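Residue numbers (this note's numbering), protein chains in the order written: chain A, 3 to 544; chain B, 53 to 503.
Here's the structure, in structure tokens; my notes come after.
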Ligand code: SF4
Ligand code: SF4
């Protein structure tokens, strides 16, 4: 078997598309890139956010999944009703392992509930608005929620149901309740990404800005794009508290409606998952004057860096000192765990194909373990997530993206407030990089592979060719990869583990990866009486 | 929280959507891959959901509708999808199921496929089996049955009559399928069991990867279903809808017998008797021993289970058979709930359980978990039997949950759930009794350690 270093990426890129019809191969070639980082972080162009080819087994989901499942799913007290047939709602029922922690027993938590209008043929033929209204009445009757979100599945748009009109009508009937609809039909856009945008827009127009009372506390920060999978947000909350930073609201892990509604009163937005929530950050800046920058709390170093950046933003000595103290305190345990795991993991290889930010963020943790990421890609990201926001002006808007509304946003005459003085700006300088995401590719080595919307076929080719030590993706890929004798770490659900964010998370991750790489289970595959050379080569275990 | 009067909305459904059932049925055909006609989201959701239960690879393609296709029809997408599937997999069979989207816009998949075959040439193509599975007209159980019927309809071919048996067990676990096959083989019966996903959805380590997992009912055997001497179908879901057995009876005159899933002594006895009759063989000793041990354990544990209430929920075939089994061991299936449309379950249970009205059994048809929770709160059963979806209630009301039905996504072993036959019954019986004992032990103030 060849060592990774001996494999020519050009050969791999060619092999990946060999089995396709010519036209398909040509298209995929533009999404399979050999990385190269030039001056000023120039990287090659990658085609992204384009339609998946029919008949190819993709990792992607639909815009309903992005809207209801990803962005709104983790909020606990906005009651969510899926308008559609039963499946879509069922499949998005608590499947993402978002955790939440209501303050008290009495506080509402609707996350364990999946409400659906369970559309039947009658509604498909005669329309479903009546049933939807009835469902909303029932929901109000049972749960008395403050807010209700209605999520459209594919049939809704086609039969002409107007969920927004229904929301308005029902709101009139129930003045105390904020009711809003999402046009996130699954056929819109090319992946979950469209749904993120739809969700951002609606939360921005219908929720943020409704409550003007700010939270008490110093250094009020919103975190955007952290969904509390496996308790990640809890760990970040812990660190913030220790450092004396007030977490105003998280979009949307462990969040509540009121925090969304008053989020415009915070001093700063920091963005974790750029892909799913950069729209909201941009719009909040324009309308309310809240600056934003990109952070990353995955990886101990990255966490420290992000904390320092927040302290730097405020420029306050007390906060800076606090942050340094926290980092020093936390890093002791982290370093010990890292060194121990790295003694076994260093030099091994990883591939990451997941989501719209995780394929980048988790490279940090592998780097800390001394491991090398040899191929990575996103499921539903856009070019800016690969190449950096600098390419946004040159992104071509195709028919699929045009369908998703771009809101026109203007300054709010009352609520807009410049958070930074001239002095602050001068102090922070250009280096500080607000509104920036440099993308995944500048962070990756030369000659590594960057592949957008990796599909099953290509995953199999990659594994055969490179045999990485670990592959990171989701549950759909897990059992395929493990049939090859290679462990798969789920970076959507964490294989029931976590948290992996922050300092404690890093320790968990080192431990889990070390365990997966050290397992002896594969050595059992080959039975003692089996002497097929292929098996011997593949599962050669001392 | 008040209980609702016949709500129109569903809160925490006790059913899934029909294409999911179709995918499972297609996975029971040797050399098959499947594609869902509609947006890619459905295929992704269904895959991820089934994978979390079976913990096996599962490829489901999609015709990946664009917004244009959603408006103008998806013929071109489907054809391109089929081309790409064939190129990547070289399958023997492609199963094509529709989704709500393609059904809503009225795509005629039959027509599209006719054009496709004409255009590409039948000789070069795998067998194409299509089924209409709008989720707004049925549950996953309906989709499963419809796909199984479509496959038989598409492939069954009249030729010489043979002395074989068709066994269509319905949505049972791979483990149960393996056990049924063992039984048939032990009786020396030539059979076609369909759909047989016992290997495709519960495979071992192959020492490499296989694009299409080995296993499944061979196409040749499916062709032969038309010539069998008898069909046995399990489950009430096959009783008055369209079923593959009924189709074969009507079209080819193959006698069709419906039986409950063989859970419990009596139900298994009935099935074994039937096998004896078909094969002319005597019951192998092995099964007599299994039966003996099972009854022996009934005797041993009688005092722990007698009169104890249980709530059973899930697919109606499972619920029906489980309830009758619980009645057999002296427990009371005080709640029998299914998300399947009303009409069959209560009727069946009334006929199968003696003194039904005297036993305090509540049957909930077309139920969701909100309704089930209300009923559980009211009747306080000692144990819940069904899928992982019962966990919320189980945790809230502190009632042990036995996971023995699809979907199980918070434990391992979903594919190895055993319910069928004497050995399957033995396993479920042991788990029920042990979970009752465990609850009692945990609740005991002294913490006894010997019983
Ligand atoms: S649209 Fe229909 S087929 Fe697709 S997931 Fe939803 S219910 Fe199932
Ligand atoms: S693609 Fe449409 S129908 Fe399918 S899961 Fe998504 S919203 Fe539901």
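All C-beta atoms, glycine included, are put in the ideal place defined by N, C-alpha and C.
Predicted model only: the values in this text are computed from it and were never measured.
Worksheet item: Do the segment 251-263 of chain B and the segment 158-178 of chain B make contact, defined as three or more Cβ pairs closer than 8 angstroms?
Response: With a cut-off of 8 angstroms, the segment 158-178 of chain B and the segment 251-263 of chain B do not count as touching, because too few Cβ pairs lie within range.
Discussion item. If we define contact as Cβ-Cβ less than 8 angstroms, is residue 405/A a contact residue for chain B?
Written reply: By one-based count along the first chain, residue 405/A stands at place 403. Interface residue (Cβ-Cβ distance to chain B less than 8 angstroms): residue 405/A is classified as such.
Worksheet item: What does residue 150/A touch in chain B if you count any residue whose Cβ is under 9 angstroms from its own?
Response: Position 148 of the first chain, counting from 1, holds the residue named residue 150/A. Chain B residues near residue 150/A: none, gap ~12 angstroms exceeds 9 angstroms.
Item to complete: Please decide whether residue 69/B counts as near chain A, where near means a Cβ-Cβ distance under 8 angstroms.
Response: By one-based count along the second chain, residue 69/B stands at place 17. Yes, its Cβ sits closer than 8 angstroms to a Cβ of chain A.
Practice prompt. Check the Cβ-Cβ distances between residue 107/B and every residue of chain E, and say whether any is below 8 angstroms.
Written response: The structure shown has no chain E; the protein chains it does contain are A and B.
Worksheet item: Excluding sequence positions up to five away, which residues of its chain have a Cβ less than 8 angstroms from the Cβ of residue 66/B?
Response: Here residue 66/B refers to the residue found at position 14 when the second chain is read from its first residue. Correct list, in chain order: 365, 366, 389, 390, 391, 419, 420, 421, 424, 441.
Discussion item. Against residue 59/B, what residues of chain A qualify as contacts under a CB-to-CB distance less than 7 angstroms, listed in chain order?
Written reply: As a first step, residue 59/B must be located in the second chain, where it is residue number 7. Below the 7 angstroms Cβ cutoff, chain A contributes 140 as neighbours of residue 59/B, in chain order.
Worksheet item: The alpha helix (DSSP H) spanning residue 518/A covers which residue range?
Response: Locating residue 518/A in the first chain gives position 516, where the first residue counts as 1. It spans 504-520 - the alpha helix (DSSP H) in which residue 518/A sits, taken as one unbroken run.
Worksheet item: For residue 335/A, which three-state DSSP category applies?
Response: Locating residue 335/A in the first chain gives position 333, counting from the first residue. Three-state result, residue 335/A: helix.
Fill in: Whole-angstrom distance between residue 152/A and residue 85/A, CA atom to CA atom
As a position in the first chain, residue 85/A is number 83, starting the count at 1. As a position in the first chain, residue 152/A is number 150, starting the count at 1. Put simply, the backbone Cα of residue 85/A is about 7 angstroms away from that of residue 152/A.
Item to complete: Along the beta strand (DSSP E) that carries residue 94/B, what are the first and last residues, could you check?
Response: Residue numbering aside, residue 94/B sits at position 42 when the second chain is read from its first letter. Residue 94/B -> not in any beta strand (DSSP E); alpha helix (DSSP H) instead, spanning 92-106.
Item to complete: Using a Cβ cut-off of 8 angstroms, pull out every chain B residue sitting near residue 146/A, in sequence order please.
Response: Within the first chain, numbered from 1, the residue matching residue 146/A stands at position 144. In chain order: nothing, as chain B lies at least about 10 angstroms away.
Discussion item. At a cut-off of 7 angstroms, would you count residue 75/A as near ligand 2, judging by its Cβ distance to the nearest heavy atom?
Written reply: To locate residue 75/A, count along the first chain from 1; it is residue 73. No, since every heavy atom of ligand 2 falls outside the 7 angstroms radius drawn around the Cβ of residue 75/A.
Worksheet item: What's the gap between the Cα of residue 263/A and the Cα of residue 212/A?
Response: In the first chain, counting from the first residue as 1, residue 263/A sits at position 261. In the first chain, counting from the first residue as 1, residue 212/A sits at position 210. Approximately 5 angstroms, taken between the alpha carbons.
Discussion item. I need the DSSP call for residue 39/A, collapsed to helix, strand or coil.
Written reply: For the purposes of this step, residue 39/A is taken as the residue at position 37 of the first chain. Here residue 39/A sits in coil by DSSP.
Worksheet item: Under a CB-based cut-off of 8 angstroms, is residue 534/B close to chain A?
Response: Limits of chain B in this structure are 53 at one end and 503 at the other, which puts residue 534/B out of reach.
Fill in: alpha helix (DSSP H) segments (min. 4 residues) lying fully within the segment 135-210 of chain A
Runs of the alpha helix (DSSP H) inside the segment 135-210 of chain A: 156-161, 165-175, 194-208.
Worksheet entry | Residues that residue 388/B bridges to, as DSSP identifies them | Reading the second chain from its first residue, position 336 is the one you call residue 388/B. According to DSSP, which records beta bridges pairwise, residue 388/B is partnered with 364/B, 415/B.
Worksheet item: Thinking C-beta only, is residue 193/A closer than 8 angstroms to residue 398/A?
Response: Taking the first residue of the first chain as 1, we reach residue 398/A at position 396. Taking the first residue of the first chain as 1, we reach residue 193/A at position 191. Between residue 398/A and residue 193/A, the C-beta spacing is not below 8 angstroms.
Worksheet entry | Same chain, Cβ closer than 8 angstroms to residue 420/A, five either side skipped, listed in chain order | Residue mapping note: residue 420/A aligns to position 418 of the first chain, counting from 1. Counting only Cβ-Cβ distances below 8 angstroms, and skipping sequence neighbours, we find 291.
Fill in: Sequence-distant residues of the same chain with beta carbon closer than 6 angstroms to residue 209/A, five excluded per side
Within the first chain, residue 209/A is the residue found at index 207, counting from 1. Counting only Cβ-Cβ distances below 6 angstroms, and skipping sequence neighbours, we find 262, 263.
Fill in: Completely contained beta strand (DSSP E) runs for the segment 290-364 of chain A, where each covers 3 or more residues
You should have 294-296, 351-355.
Worksheet item: Who are the neighbours of residue 380/A on chain B, taking C-beta pairs under 8 angstroms?
Response: As a working mapping, residue 380/A is identified with position 378 in the first chain. Listed by position along chain B, the residues whose Cβ is nearer than 8 angstroms to that of residue 380/A form an empty set, because the closest Cβ is around 15 angstroms away.
Item to complete: Please list, in chain order, all residues of the same chain as residue 448/A whose beta carbon is under 8 angstroms from its beta carbon, the five residues on each side excluded.
Response: Looking up residue 448/A in the first chain gives position 446. Leaving aside the five residues that flank residue 448/A on each side, the residues in its chain whose CB is nearer than 8 angstroms to its CB run, in chain order, 37, 38, 39.
Worksheet item: Does the separation of the CB atoms of residue 138/B and residue 87/B fall below 8 angstroms?
Response: Residue mapping note: residue 138/B aligns to position 86 of the second chain, counting from 1. Residue mapping note: residue 87/B aligns to position 35 of the second chain, counting from 1. In this structure, residue 87/B does not lie closer than 8 angstroms to residue 138/B by Cβ.
Discussion item. Under 9 angstroms, CB to CB, which of the residues in the segment 165-183 of chain B have a partner in chain A?
Written reply: For the segment 165-183 of chain B, the set of residues with a beta-carbon nearer than 9 angstroms to any beta-carbon of chain A is empty.
Worksheet item: Does the distance from the C-beta atom of residue 57/A to that of residue 248/B stay below 8 angstroms?
Response: Position 55 of the first chain, counted from the first residue, corresponds to residue 57/A. Position 196 of the second chain, counted from the first residue, corresponds to residue 248/B. Not in contact: residue 57/A and residue 248/B (Cβ atoms no closer than 8 angstroms).
Worksheet item: Quick one, are the C-beta atoms of residue 125/B and residue 89/B less than 8 angstroms apart?
Response: Translated into the one-based positions of the second chain, residue 125/B becomes position 73. Translated into the one-based positions of the second chain, residue 89/B becomes position 37. No, Cβ-Cβ distance for residue 125/B and residue 89/B is not below 8 angstroms.
Fill in: Enclosing beta strand (DSSP E) for residue 228/A [first to last residue]
To locate residue 228/A, count along the first chain from 1; it is residue 226. For residue 228/A, the enclosing beta strand (DSSP E) begins and ends at 222-228.
Item to complete: Please confirm whether residue 223/B and residue 193/B have their CB atoms less than 8 angstroms apart.
Response: Here residue 223/B refers to the residue found at position 171 of the second chain. Here residue 193/B refers to the residue found at position 141 of the second chain. For residue 223/B and residue 193/B, yes; Cβs fall inside 8 angstroms.
Fill in: Exposure label - residue 396/A; buried when at least 16 CB within 10 Å
Locating residue 396/A in the first chain gives position 394, where the first residue counts as 1. Exposed is the call here.
Discussion item. Beta-carbon distances below 5 angstroms to any heavy atom of ligand 1 define the shell here; list its residues in chain order, please.
Written reply: Counting every residue whose Cβ lies closer than 5 angstroms to a heavy atom of ligand 1, we get 87/A, 89/A, 90/A, 69/B, 71/B, 94/B, 151/B, 152/B, 187/B.
Worksheet item: How is residue 346/B classed by DSSP in three states: helix, strand or coil?
Response: Reading the second chain from its first residue, position 294 is the one you call residue 346/B. When DSSP states are grouped into helix, strand and coil, residue 346/B belongs to the helix group.
Discussion item. Quick check: is the beta carbon of residue 509/A nearer than 8 angstroms to any beta carbon in chain B?
Written reply: To locate residue 509/A, count along the first chain from 1; it is residue 507. The beta-carbon of residue 509/A is placed no less than 8 angstroms from the nearest beta-carbon of chain B.
Worksheet item: Under 7 angstroms Cβ-Cβ, which residues of chain A neighbour residue 93/B?
Response: Start at 1 with the first residue of the second chain, and residue 93/B comes out as number 41. Neighbours of residue 93/B on chain A, chain order: 63, 64, 66, 67, 188.
Discussion item. For residue 196/B and residue 77/B, which I take to be in contact (beta-carbon distance under 8 angstroms), what is that distance rounded to the nearest angstrom?
Written reply: For this step, residue 196/B is matched to residue 144 along the second chain. For this step, residue 77/B is matched to residue 25 along the second chain. A Cβ-Cβ separation of about 5 angstroms places residue 196/B in contact with residue 77/B under the 8 angstroms criterion.
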